[in-house]
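Engineer: Below: one structure in structure tokens.
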Amino acid sequence: MLMLFAGVAAAQTPALMISPEVVPIGSPFNVTASGLTPNTTYTLAIVNAANDENVFETQSTSNASGRIALNLTSDAETDEPGTYRIELRTGDTVVIDKDFEIQPEGEPTEEPSEAGNANLYVFPTEGVVGTAFEILVSRLEAGQLVEVTIEDPNGEDAYTTERSASDEGAIEVNIFTETSDAPGTYTVIARSGSSVTETTFELTALGGRDGQVTIYAGDS
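So, in structure tokens, the structure goes:
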């Protein structure tokens, strides 16, 4: 992985992603947390939002980048359809939480066949120059080719790469910004065939300086 070129280290805000956010009962889903304290053990709990009771709990340790990724599966025999909440905890403190739905059997769901059906996330969504950003594309087919492009605030391409989805149907790209920054809104675009999914992140300057942003990518 390439070095982070930064004069000032920026703390990241914890972020939590659930993919998909509507889970057919008995189906697998992925939980990814980023912006955590590196090499720290967290408790991940799934809470039934209807009665605030824990239905599942496990422990996981963040990696050196402050990231946790878990593959879970809904239990068709014991789970009830409805709203659930994933909580990431240290001790009695909830660091971050997010709701998702377990869908009754037989309801139609979308098949993840193109990037237009994919989930596209950037962690964090805002940071000062020198911040490391993580781009995650999920709900893909294993081996699916996706082109990831980052456009600067002027609409010019700042970075482009093509990646193949993992066996879990996901692509991860880590990008790093330099201290010679151009503040503004950057657009992340995932393309597969004719389908396009977009999201944005915000880069803010240190001390009001203007300049040209240089984006580096690290291997995932």
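Number 226 marks the last residue of the sequence shown (our numbering); no jumps. We put the CB at the ideal spot given by N, CA and C, even for glycine.
1. Going by C-alpha to C-alpha distance, which of S201, D103, S68 sits closest to E153?
2. Three Cβ pairs or more, each shorter than 8 Å: is that satisfied between the segment 133 to 146 and the segment 51 to 67?
3. Which same chain residues, not among the five before or five after N36, have their C-beta less than 6 Å away from its C-beta?
4. Is it buried or exposed, P34, if we count other Cβ atoms within 10 angstroms and call 16 or more buried?
5. Drop a sphere of 10 angstroms on the beta-carbon of A124, count the other beta-carbons inside from all chains shown, and report buried for 16 or more, exposed for fewer.
6. Could you give the first and the last residue of the continuous beta strand (DSSP E) run that contains A39?
7. If you drop the 5 nearest sequence neighbours on each side, which residues of the same chain put their C-beta closer than 6 Å to that of T19?
8. Can you tell me whether DSSP reads T170 as helix, strand or coil?
9. Using 8 Å as the threshold, is the C-beta distance between E140 and F207 below it?
10. Put G161 into one of helix, strand or coil per three-state DSSP.
11. CB A55 to CB T89, shorter than 8 Å?
12. Please report the distance separating the alpha-carbon of S172 from that of E178.
13. Find the nearest neighbour of T185 within the set P30, A211, T49, judged by alpha-carbon distance.
14. Can you name the start and end residues of the beta strand (DSSP E) that P30 belongs to?
15. Tell me whether A70 sits in a helix, a strand or coil according to DSSP, three-state version.
16. Using the Cα positions of A188 and L209, report the straight-line distance between them to the nearest angstrom.
17. In this structure, how does DSSP classify L151 when only helix, strand and coil are distinguished?
18. What three-state label does DSSP hand S144 in the structure shown?
Structural biologist: Taking the geometry as given:
1. S201
2. no
3. S25, N77
4. Exposed is the call here.
5. Buried: at least 16 other Cβ atoms inside 10 Å.
6. 34 to 40
7. G41, P130
8. It is Ser, not Thr, that sits at residue 170 in the sequence shown. DSSP places S170 in strand when its eight states are reduced to three.
9. No, the pair does not count as a contact, with Cβ atoms beyond the cut-off.
10. Here G161 carries a coil assignment [DSSP, helix/strand/coil].
11. yes
12. 9 Å
13. Nearest of P30, A211, T49 to T185, Cα basis: A211.
14. 28 to 30
15. A70 falls in the coil class under three-state DSSP.
16. 8 Å
17. strand
18. In the three-state reduction of the DSSP assignment, S144 falls in the strand class, which pools E and B.
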